[in-house]
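What follows is a single structure, written as structure tokens, with notes after it.
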Amino acid sequence: MVPVAQVPLDPVALRLAAGWPAGEHAQRMTGAAPLAPLVQSRLDEVSGSLQAATGGAALCRIDGTGGSAKWLEGRMAALLEVRRLLRRDPQADPGPLLDRWRANREAHLARGTSPAWRDYDDGGVTELEWLLAQGTGPVPAQEGS
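Numbering (numbering that gives the first Met the number 0), first residue to last: 0 to 144.
This is the structure in structure tokens:
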């Protein structure tokens, strides 16, 4: 049995990043829509960064004080939502996802939620804003990093 801390966050993304042959899953993503290859590339990158930031620890075991990990987790969650959306409809507009992420961030700020939630929300919003600009400009970096 593999310890929880060693379970990859997204097995397909990690395998592709490690150079394993692309299976049916990856082939569906790369041909799905103009945005799909960019989403997969971002998932690969963010997954690696998240693995490095957590040392492979399960996200549910992260106490929330490591802002970088929560920010990266938010980015990963937003990207996974876009990937699911594009699988259902390759021509779908992910703009409403950004609207929802922004609304959730505002609601969390209004309630005074923890810094971990703010980092998570900020990561997702930052990634979606960058992605919807079709990856123009520098890759997102966490504020203060």
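Built from N, CA and C at the ideal position, the CB exists for glycine as well.
If you're wondering where the values come from, they're calculated on a predicted model, not measured in any experiment.
Are there three or more Cβ pairs, one per stretch, closer than 8 Å when the region 64-79 is compared with the region 104-122? yes
Q50 to R110, Cα distance in whole Å? Reading the sequence shown from its first residue, position 51 is the one you call residue 50. Reading the sequence shown from its first residue, position 111 is the one you call residue 110. Going by the C-alpha atoms only, they are around 30 Å apart.
Write down the C-beta distance between L85 and V124 rounded to the nearest angstrom, noting that I regard them as a contact closer than 8 Å. The residue labelled residue 85 in the question sits at position 86 within the sequence shown. The residue labelled residue 124 in the question sits at position 125 within the sequence shown. With 8 Å as the limit, L85 and V124 do not qualify as a contact, their Cβ atoms being about 19 Å apart.
Between L42 and P93, which are expected to be in contact by the criterion C-beta below 8 Å, what is the C-beta distance as a whole number of angstroms? Taking the sequence shown and counting its residues from 1, one reaches residue 42 at position 43. Taking the sequence shown and counting its residues from 1, one reaches residue 93 at position 94. About 14 Å; that fails the 8 Å criterion.
Who are the Cβ neighbours of A132 in its own chain at under 8 Å, not counting the five residues just before and after it? Reading the sequence shown from its first residue, position 133 is the one you call residue 132. Around A132: no qualifying Cβ.
So, are the CB atoms of L97 and E80 less than 8 Å apart? Position 98 of the sequence shown, counted from the start, is the residue given in the question as residue 97. Position 81 of the sequence shown, counted from the start, is the residue given in the question as residue 80. Cβ atoms of L97 and E80: not closer than 8 Å.
Are there 16 or more other CB atoms within 10 angstroms of the CB of S113, so buried, or fewer, so exposed? For the purposes of this step, residue 113 is identified with residue 114 of the sequence shown, where counting begins at 1. It counts as exposed.
Start-end ranges of the alpha helix (DSSP H) lying completely within the region 67-113, minimum 4 residues: 94-110
Close Cβ partners of V45 (< 8 Å) along its chain, the five nearest in sequence each way excluded: Here residue 45 refers to the residue found at position 46 when the sequence shown is read from its first residue. Only L71, R74, M75, L78, E126 meet the Cβ criterion.
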